[in-house]
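Let me begin by presenting the structure, written as structure tokens, before commenting on it.
Protein chains in written order, with the working numbering: chain A, 1 to 957; chain B, 1001 to 1337.
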């Protein structure tokens, strides 16, 4: 193709932002070369070139009312303040505002925060896959046949289906959810509020995406604990286990390498040689899924070499508590003969609440040589872990066996949790597990010493650990290791994801208990919607089950099905997890669930869904199968606030540039929810006007309302708080007014600070949030002897839930994966550098910085043996299907694994067959178990979908 | 030579390969106007072919006697890769999404590949912009004398009025950091964001670098970090000094990386995962001393002793990394009309 320079200039002018500026000042150099015979004598003034670039810069970076602020509220959780520039109503560019204050002279500041993805949102918001108008499906689902409709028509469709569901089948037929694409305090509250008002089903996100820490909850009582990332700078030893912060914590990763310069030793534990390993002092190449074995081998060395601090274990852990050797149950005050001579009667009087003998636990006090009730448990009158005070002096024995008299006179043998744990540890000596873990005993020794002897040692655990079938046990083993290290507060310890204490938002996302949604277990509800058991039956053999659980496939499956029955629908449950099989009408936002879910989920879901309305700013793979599409705004067009999780101490503000023009007919989630509520109320009133049937206006809901009914003629009043809460801006103003931790701040102060506010001292949960120091949890436990939020009040090694005893998991243990051995490669799909899950996956700017398509990392020896060259099209396959993609040959991949960044939408693969088609999963009985102490269903105790529990074979196509 | 010289130091021990710099540069300058295939800033995984592909083998620069060496203009299809686009408008129609030109090579093709054998493989990231050389071979090679070096800061620019698109500069630049604009038929390159510098803003790549690896300042300013790192502590080196162009972008070379493993999986004490010989091929023989100096300072710090050099590299305040002689603009809520 040939074209003249004049044409080129025309194209240039048509190309965009620069064009407008060109009319005022020449934005570009003249295109005609200047003819000069003697260059040295007649050099033209270079200033016109310089001025052209200056004009271009002015056109891209606006000023005054052309500046807004935003962050990117997708599920990376990083949450960074950006300046957003507009020109002629269109966003031209963004950059980090980089204005976070330095907390102390000896602490690096948090600037500039941000990443490759956030820095190009301005390009994506005008991309070709942006949803511009409401649309209705006019062909079969997934056929891609749409008709543009008005907002009123779209809202009517949604409201009518929700109303019919409420009226004909009850609230549990509706499923209203905002997914991981909008994880914020202000914006996401809209759809949560709508769901709560209607009593709809909502699943727990962290669980279904597999980003929960249930194994940490088991030990610490909560899963989201740890520090702001600047704390890493203060460490002496910092371990990053099952994570890759250089890729998945981009805004915070600088603290690792600044910590290294500050004298800290940085250790990374992952199966693949990833981008974080490259700068580490030590990389530990653990085999995928054997993290728990490795953690316990480190604990074994700590115990064998007595590297632990006994005083710490005695006060802060349940290791001295007594266990019956016959039943393996913890000794509870409720069964003890209180009058026996060797029972310290005074301790009962001092500590035990009279009506809670079952939640009081005993130890052997070496000072009195008597069995004593321990303070601080759920059944304790005193919320302290203190062993010595004015009135008591306990030195609980960590080791020993005794005979204890039960009420009624029966004598039983008892021992300590520590004794039982030590016995279990024998199987995990480094020499014994090295073939499983792939880790040399010399490394285990090095870790045991480093972690216990350093003043400040921190283990940061990533989500990869929990993405294996027995990953909950691995998480627990790592949490137990941190307990053995004896580190809390300023000394380090366990770091998952710190969460701030933010109060006052309940009134935004809910109704203070008057109406609640039907909160479903994430991993169970998605598994059941997608008929996961069928895929598990296909993928896993009897041998796989026996290896990973000790039970036959039939037995294990039977027990899982029994537990599932107990959690179903509105029935009360004791065991299992809540989920609803009644769901039919889906109103979903920013939730590309066919990308995320495993195996043949799509088929199962589409069979159950009678109506699907989907809101997003872009067309996702899931959107293709919707019945109605609702175009939403992006972070640059919305008002919003975001705080948690607590990687930093700031709440960032989304403040759209005042001169920004809307993109298509997109609306904010708040506007959409308000319209739905208005329409629903109108539909109900209209039907009632004809029928005069009260049931058309009042939906009976005994289990999820305080009032017993949901009044549909008061929906708008309730939802909008009498008109005060209708838009995203209203929501932000409400949050600024009602959240204690945001005070004293206004839109103006947050804007002029650079698009954020700093949380005040009230935001710390279990430590003070000091103005000039990094935050880490559990200072209140360390210094003030507060109890942990666990059954015993102590860091919990021992769980005597019958299912845990039956699984031989009452003491911390580790079990191998159930992934099939038939196929040679474990499929490892870590969080991506180039997308946040599926968001930004289709950005051309970002795709050009990759291979432009999904590419799987293959070890060179594997590639050679299979005749695969770099760039070849290959297929990965197992019993669940076959997926084609490009091979990227790299020695960073282990020979027994294939490494593929996750998040690719199925439509990026040939035949629309995404890699999750190959991924099977099975519900883990221990994650299903419930009703024991602090292990009660909720945001701290649910389970994970296991994305790494699959093996595949590989061949050149 | 210019009166003053702006310089950049990049600390490769802090680079995380996130390419926020690349994207920042793209949205600032190269997402339009025929520059779509250009990466004024790129980050490549080393060892690796880099961008454009195998640029270190494409010639250019000066020989020992100061004469220009032969060079090659890289191929758009074979060496740079075309900026492929997608049919993402068809997602709505239920279509598969694919690049409309088959991607075969690109600016980050070998990301995270590196060299060696698992588990002793190794790689690191090398971000690259125009070196704004003190002795630019592009300037020397231009038959139109269209390339000039600004006197006030040493920034090397192409005068677009004079450029005729002969591309001698592209062949002559040993770093292959001048690009051909197919829409304009002229050469363009990194301009060190001089319009930003003039307003007190660092170059976009440096300002937005979340790894906080980039220091910017005048080499003759004794208070600037670049002066301290390049001149005082001498821990930052030019890339391929043997090319003879006297680059003004300097690198703190990467430390050897985590210990290698022997056959039993035991870490080998004192082993170098990244071979120093390889680093020498990039940064010249001075790299040995620099690595020793860095290691010695790290040992001091591990023992709790102070180190001004490491304090500099830690960069406690992001704003202190940039010494441009002008304050950065603030944020004021606009009065709405």
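For glycine and all other residues, C-beta sits at the position ideal for the given N, C-alpha and C. Since this is a predicted model, take the numbers as computed values, not measurements.
Spanning the alpha carbons of residue 1250 of chain B and residue 1233 of chain B requires a straight line of approximately 13 Å. From the beta-carbon of residue 908 of chain A, the residues of chain B found nearer than 9 Å are 1096, 1097, 1098.
For residue 795 of chain A, the closest of A:553, A:401, A:313 by C-alpha to C-alpha distance is A:313. Counting along the chain, the unbroken beta strand (DSSP E) around residue 414 of chain A starts and ends at 411-416. Residue state for residue 886 of chain A is assigned as strand, using DSSP reduced to three classes. A direct Cα-to-Cα measurement between residue 595 of chain A and residue 1259 of chain B gives close to 38 Å. Spanning the alpha carbons of residue 281 of chain A and residue 265 of chain A requires a straight line of approximately 6 Å. In the DSSP assignment, residue 160 of chain A falls within the unbroken alpha helix (DSSP H) covering 151-164. For residue 1218 of chain B, the uninterrupted beta strand (DSSP E) segment begins and ends at 1214-1218. Residues of chain A whose Cβ lies closer than 7 Å to the Cβ of residue 1212 of chain B are, in chain order, 254. Using a Cβ distance threshold of 9 Å, residue 373 of chain A and residue 333 of chain A count as a contacting pair.
By the 16-neighbour rule on beta-carbons within 10 angstroms, residue 148 of chain A is exposed. Residues of chain A whose Cβ lies closer than 8 Å to the Cβ of residue 1031 of chain B are, in chain order, 123, 845. The CB of residue 1153 of chain B never comes closer than 7 Å to any CB in chain A; the least such distance is about 12 Å. Listed along chain A is no residue with a C-beta nearer than 7 Å to that of residue 1252 of chain B; the closest approach is about 11 Å. Around residue 1166 of chain B, the same chain offers 1143 as residues with beta carbons nearer than 6 Å, after the five sequence neighbours per side are excluded.
Residue-level contact by beta carbon fails for residue 831 of chain A and chain B, as no gap is shorter than 9 Å.
Only 262, 263, 273, 275, 277, 278, 279, 280, 281, 282, 283, 285 from the region 262-293 of chain A bring a Cβ to less than 7 Å from some Cβ of chain B. Here DSSP, grouped into helix, strand and coil, assigns residue 1018 of chain B to coil. Taken in chain order, the whole alpha helix (DSSP H) runs of length 4 or more contained in the region 738-807 of chain A are 747-753, 779-784, 802-806. Per the Cβ contact rule, the region 1020-1027 of chain B is in contact with the region 1037-1054 of chain B (3 or more Cβ pairs under 8 Å).
In this structure, residue 940 of chain A keeps its C-beta atom at 9 Å or more from the C-beta atom of residue 377 of chain A. Within the model, the alpha-carbon separation for residue 849 of chain A versus residue 1148 of chain B is close to 31 Å. Secondary-structure assignment with DSSP links residue 67 of chain A through a beta bridge to A:85. Neighbours of residue 1317 of chain B in chain A, taken as residues whose beta carbon is under 7 Å from its own, are 102, 109 in chain order. Between residue 1155 of chain B and residue 1194 of chain B, the C-beta spacing is below 9 Å. With the criterion set as a beta carbon lying under 9 Å from some beta carbon of chain A, the members of the region 1155-1186 of chain B are 1157, 1158, 1159, 1160, 1161, 1162, 1163, 1164, 1165, 1181, 1182, 1183, 1184, 1185, 1186, in sequence order. Put simply, the backbone Cα of residue 817 of chain A is about 11 Å away from that of residue 472 of chain A.
Those residues of the region 1253-1271 of chain B placed with their C-beta closer than 9 Å to a C-beta in chain A are 1254, 1255, 1257, 1258, 1259, 1261, 1262, 1264, 1265, 1266, 1267, ordered along the chain.
Assignment of residue 1255 of chain B by DSSP, reduced to helix, strand and coil, places it in the coil class. Residue 118 of chain A has its alpha-carbon roughly 28 Å from the corresponding atom of residue 1079 of chain B. With contact defined as three or more Cβ pairs closer than 8 Å, the region 1066-1076 of chain B and the region 1084-1092 of chain B are not in contact. Per the DSSP secondary-structure output, residue 897 of chain A pairs in a beta bridge with A:826. Among the residues of chain A, those whose CB is under 7 Å from the CB of residue 1023 of chain B are 116, 119, 120, 845, following chain order. Relative to residue 557 of chain A, the option among A:588, A:189, A:293, A:928 whose CA is nearest is A:928.
With contacts defined by Cβ atoms closer than 9 Å, residue 202 of chain A and residue 210 of chain A do not form a contacting pair.
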